[in-house]
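Chemist:
Numbering (the UniProt record's numbering), first residue to last: 1 to 527.
(1) With a Cβ-Cβ cutoff of 8 Å, do residue 277 and residue 196 count as a contact?
(2) In three-state terms, what does DSSP make of residue 513?
(3) On a Cα-Cα basis, can you pick out the residue from 451, 511, 502 that is closest to residue 487?
(4) So the alpha helix (DSSP H) residue 121 belongs to, where does it begin and stop?
(5) Quick one: residues in its chain with C-beta nearer than 7 Å to the C-beta of residue 152, no 5 flanking neighbours on either side, listed in chain order?
(6) Taking the beta carbon of residue 307 as the centre, do at least 16 other beta carbons fall within 10 Å, making it buried, or is it exposed?
(7) For residue 159, report the span of its alpha helix (DSSP H) as first-last.
(8) Assuming residue 266 and residue 188 form a contact by the criterion Cβ under 8 Å, report the distance between their Cβ atoms to the nearest whole angstrom.
(9) For residue 432, which three-state DSSP category applies?
(10) Quick check on DSSP: helix, strand or coil for residue 221?
(11) Specify whether the stretch 489-498 and the stretch 315-322 touch according to this definition: at least 3 beta carbon pairs, one from each stretch, less than 8 Å apart.
(12) Taking the alpha carbon of residue 274 as the point to measure from, which residue in 408, 424, 316 has its own alpha carbon closest?
(13) Classify residue 522 as buried or exposed, calling it buried when 16 or more other Cβ atoms lie within 10 Å of its own Cβ.
(14) Can you list, in chain order, the residues of its chain whose CB lies under 8 Å from that of residue 127, leaving out five sequence neighbours each side?
(15) So residue 473 is in the alpha helix (DSSP H); what residue range does that whole segment cover?
(16) DSSP three-state call for residue 397: helix, strand or coil?
(17) If contacts are defined as beta-carbon pairs under 8 Å, then residue 509 and residue 421 qualify, I think. What distance do you get, rounded to the angstrom?
(18) How would you label residue 358, buried or exposed, when you count the other beta carbons within 10 angstroms and need 16 or more for buried?
(19) Hey, how far is the Cα of residue 95 from the Cα of residue 167?
(20) For residue 119, count neighbouring C-beta atoms within 10 Å of its own C-beta (all shown protein chains included) and say buried if the count is 16 or more, exposed if not.
(21) With distances taken Cα to Cα, identify the nearest neighbour of residue 471 among 401, 47, 268.
(22) Does the beta-carbon of residue 242 have 16 or more other beta-carbons within 10 angstroms, so that it is buried, or is it exposed?
(23) Is it the case that the stretch 163-183 contacts the stretch 285-293, given that we only count it when at least three CB pairs across the two stretches are under 8 Å?
(24) Please list, in chain order, all residues of the same chain as residue 327 whose beta carbon is under 8 Å from its beta carbon, the five residues on each side excluded.
(25) Are the stretch 433-445 and the stretch 206-215 touching by the rule of at least three beta carbon pairs closer than 8 Å?
(26) Can you find a heavy atom of the ligand PLP that lies under 7 Å from the Cβ of residue 88?
(27) For the candidate residues 149, 87, 178, 103, whose alpha-carbon lies nearest to that of residue 113?
(28) How is the alpha helix (DSSP H) around residue 318 delimited, first residue to last?
(29) Using only CA atoms, which one of 229, 314, 259 lies nearest to residue 246?
(30) Around the C-beta of residue 387, are 16 or more other C-beta atoms found within 10 angstroms, so that it is buried, or is it exposed?
(31) If you draw a straight line from the alpha carbon of residue 150 to that of residue 365, how long is it in whole angstroms?
(32) Report the three-state DSSP secondary structure of residue 406 (helix, strand or coil).
(33) Whole-angstrom Cβ separation of residue 324 and residue 206, contact assumed at under 8 Å?
(34) By the 10 Å Cβ neighbour count, where 16 or more other Cβ atoms means buried, how is residue 384 classified, buried or exposed?
(35) Assign residue 440 to one of two classes, buried (16 or more other C-beta atoms within 10 Å of its C-beta) or exposed (fewer than that).
(36) Does the beta-carbon distance from residue 185 to residue 109 come in below 8 Å?
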């Protein structure tokens, strides 16, 4: 039997054109633009599809959709004619910033223009609530004290500025004098808080190194904790009048809370001083330094066999002791208890050593020490100069020398004070120097002037880094490796500022920063 004929044998095969692909280019599609042009309008039944009027109307519609929006330049780039002399003079004369000659720092933080009717309305409605929450008398602050020289008389205006954080929906908080006044207050307040906690913890924990103290400060006033304190003081309704604080996102609630919290303590410091800062922190906000969440992490502690000053041995100091302390009339120093907390009594064993004999006179000569004093008893002047010399030796004592046997025989505690006081002194200087500047610009300027490499550079320009006392095993490395040398010279610089604050007070820190070390770089250089 023959095999069946296959069906496909009868088909005629036509040659298939084979197109070999050329070199394939991979095209990455980054974006797809959808056609946003609206569909052409439907022609009315009475109008033919190709009528000229319909085509013109459709063309106008397409032009309207396709033509790009004209971008106007932002307002700050639009050139305005300068104010004439008479109007400029009037603007300056009407500014509240020039109303106080005896209180330059306070007047520099007042608003740059008189408050408007909208500002006064807010003050009438909400200021009493803020005062009651903070524990202040409800009477207008203009009735406090006698004469304009009393700083407390300006508390109402500053307290109004405290709560005017930038709210895009509010026209009032976007006006220039309110916006800048608020930002200048929070710029000052952050450094006030840091210095307040630094002094408090140094006196409360006389044997502790600054590392655990910084952890305590962060646990108390880190930005994550600030909404909790604002709510504890019943101020959250003033900061967020239309929102529930607990239901807000962190990114929405933390920046305004931080700005208001810092600005509040800037205003309190300007009007009432540092003791009132402590009262509001620990009474109105209810902060507790012994709370479990505020304790530093456990670390290996070096054994401290050295004595502390007698006033710290009896008991642990509370915030009331720090806030109410007034140095006696015949005290050796501007801040005697802070000096005793930073310079251990055992430093007297270094009197008369080689550094004291050889390097101390040179260092004191460069820094302009000792300052002239009006002591009635010559022995007081002599005792102060001896203690000043020992403090200077401690400022130049690197931790690599004695820290492992004697943990407090190094510059760490003085460096901690110096870092905070130089921040505050420079902030006050910038506020008084730039009356029109907003807080963000000032904080950037502050950061650039105090960058670590510059602080150490000012010390090295005076050739003071040759007198640092290093441990024998690391001396060569620190003197020849700039990555090790620069942080250590920065620390010595800050320790010197801390010592000058403890011994002579804030005016001497200003003298060192702006006359001796020239932090602002404005003095003429030797050619």
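Every residue gets a Cβ at the ideal spot worked out from N, C-alpha and C, and that includes glycine.
Modeler: Considering the structure as presented:
(1) yes
(2) helix
(3) 451
(4) 117-134
(5) 141, 144, 145, 271, 272
(6) By the neighbour-count criterion, in which a residue is buried when 16 or more other Cβ atoms sit within 10 angstroms of its Cβ, residue 307 is exposed.
(7) 155-162
(8) 4 Å
(9) helix
(10) helix
(11) no
(12) 424
(13) exposed
(14) 156, 159, 160
(15) From DSSP, residue 473 is part of no alpha helix (DSSP H); its letter is neither H nor E.
(16) strand
(17) 6 Å
(18) That one is exposed.
(19) 24 Å
(20) By the 10 Å Cβ count, residue 119 comes out buried.
(21) 401
(22) That one is exposed.
(23) no
(24) 333, 334, 335, 336, 337
(25) no
(26) Absent from the structure shown: the ligand PLP. Ligands present: none.
(27) 178
(28) That residue, residue 318, is in no alpha helix (DSSP H); it is neither H nor E in DSSP.
(29) 229
(30) Within 10 angstroms of the beta-carbon of residue 387 lie 16 or more other beta-carbons, which makes it buried.
(31) 39 Å
(32) coil
(33) Their Cβ separation, rounded to whole angstroms, is 19 Å, which puts residue 324 and residue 206 out of contact at 8 Å.
(34) buried
(35) By the 10 Å Cβ count, residue 440 comes out exposed.
(36) yes
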